[in-house]
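In what follows, a single structure is set out as C-alpha cells and then discussed.
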Amino acid sequence: MSASRLFCLDTVLVDVDLKVASLPVRAGDVRARSQLITTGGGFNAMSAATRHDLQVVYAGRLGHGPFATLARRDLTSEGIATPLESNDDLDCGVCVVLVEPDGERTFITAPGAESTLRASDLATLTAREGDVVLVSGYNVMYRDMDAAVLDWLEGLAPDVVVAFDPATRVEDVPPANLQRAIARTTWLLCNRVEAAELSGEDDPFVAANHLTRAHSSLNVLVRTGADGCVIATRETAAVVVKGFRTTVVDTTGAGDVHNGVFLAQLAQGLDPVEAARYANAAAAMSVALAGPATSPTRLEVEAFFDSERRTTL
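Here it is as C-alpha cells:
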C-alpha cells in the first residue's frame, strides 16, 4: 500500500437510488422498478481509492441518526479513517437518485451534518508531502463551508497534491471561489460538460489544452464517458486515453470511481496516462452494476486487462 494518503473533502451522505422508466412530470407520480439505500457522495471516490491500495481519510463530519450509522459502518468496512468530530444534532444528508433505463441519473439533495464542516475541524488535519486532497465543487459552492475549505487549501504545503472536481453544478460556484480553488489545484478532474463551462471550448481535447495553457500549474483530466478521457499536463499536450466497451446499468458514481482510481494509481507512481487507463477500466466495470460505490479492486481491474488482451489476440 502507498505511504501517501487521500484526504477527501467531498461530502458523505446517503443515496436513495430509485430506478424509474422515466422522470415524473410536474405533479405526476411514477413507480420505481427497484430501490437501493446506500452510502454515497464522497464515499464513492474514497471506496474506489481504498480498493486500489491508497490510505484514505474522510475530511468531513458525520452525524447522529440512522443515515449516519449506515455511513459510519460503510466507511469503517472500507478502512476509511473518520477523525473529525461528529455533529450530534444532525443526521447525514440524503440524495434521492432517479436512474432512467439508459443509466442517466437525476439528483435531489437534502443536506445534513456533512454541510457543517468548520475551519477548526480542518485545522486538526495534517497533510504531508505526497498526500492528495480531493475537493469538490460542492465544498466551495455554499457559504456555510466555502471559506473554511478554501483557506485550508491555500494553507497546504506546495508538495501536497490537490485534485479538484468542480461537479455538475460548476456554473453555481461563485467565480471568486472557483478562481481560488483552481489556483491551488494540481489536477482538475472534470467531465466534458464541466470542461466546456470552464474553458469555453466544446471539444474535450481542445478544452484540456486550453485549461493547461490558461493555468500554468494545472494538469487536466476530462472524462468523456464511453470514449474514456483526455489528459493534458503542464509538460505535455492533450492525449486521448481510450475507454472500454461495457453494458451500462447505472452511471451513478462513475465519475467518482474514475477519480478515486486515478488518484490512487498516481499516488503509487504510475504515469498519468497509465493511471487513467486503470480509471477508465474501473469506471467501465462500475457502470455495469447497480448503485454507487461499485468500484472493482485493483486485482479485478488487472484481471479485466488480461481478459481484454486475450480477446484481442
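The numbering of the sequence shown is our numbering, which starts it at 16 and goes up by one. Glycine included, every Cβ here is placed at the ideal spot set by N, Cα and C. The structure displayed is predicted, hence computed values, not measured ones.
If you draw a straight line from the alpha carbon of residue i to that of residue j, how long is it in whole angstroms?
i, j, result
"residue 237", "residue 208", "9 Å"
"residue 245", "residue 102", "40 Å"
"residue 165", "residue 70", "23 Å"
"residue 201", "residue 85", "33 Å"
"residue 78", "residue 251", "44 Å"
"residue 98", "residue 281", "24 Å"
"residue 258", "residue 171", "34 Å"
"residue 93", "residue 312", "12 Å"
"residue 73", "residue 108", "16 Å"
"residue 227", "residue 163", "27 Å"
"residue 29", "residue 58", "9 Å"
"residue 44", "residue 264", "23 Å"
"residue 176", "residue 41", "44 Å"
"residue 253", "residue 46", "44 Å"
From the DSSP output, in three-state form, read off residue i for me.
i, result
"residue 271", "helix"
"residue 50", "strand"
"residue 158", "coil"
"residue 22", "strand"
"residue 231", "coil"
"residue 283", "coil"
Taking 6 Å as the limit between beta carbons, can you name the residues of its chain near residue i, skipping five residues before and five after?
i, result
"residue 173", "none"
"residue 179", "150, 196, 200, 203"
"residue 136", "99"
Counting only the same chain and skipping the five closest in sequence on each side, list residues whose C-beta sits under 7 Å from that of residue i.
i, result
"residue 310", "62, 63, 66, 272, 275, 276, 297, 301"
"residue 256", "243, 244, 246, 288, 291, 292, 295"
"residue 212", "185, 186"
"residue 230", "197"
"residue 216", "222, 225"
"residue 133", "163"
Would you mind working out which of the options sits nearest residue i, comparing C-alpha positions?
i, options, result
"residue 270", "306, 47, 144", "306"
"residue 48", "35, 127, 283", "35"
"residue 266", "290, 256, 163, 116", "116"
"residue 240", "190, 225, 262", "262"
"residue 189", "206, 155, 216, 43", "155"
"residue 322", "268, 260, 122", "260"
"residue 125", "37, 205, 214, 56", "56"
"residue 53", "160, 46, 32, 38", "32"
Excluding the five sequence neighbours on either side, which residues of its own chain have a C-beta within less than 8 Å of the C-beta of residue i, listed in chain order?
i, result
"residue 153", "25, 26, 182, 184"
"residue 87", "77, 97"
In the DSSP output, what is residue i paired with across the bridge?
i, result
"residue 106", "According to DSSP, residue 106 bridges with nothing at all."
"residue 206", "238"
"residue 171", "DSSP lists no partner for residue 171."
"residue 145", "DSSP lists no partner for residue 145."
"residue 70", "20"
"residue 120", "114"
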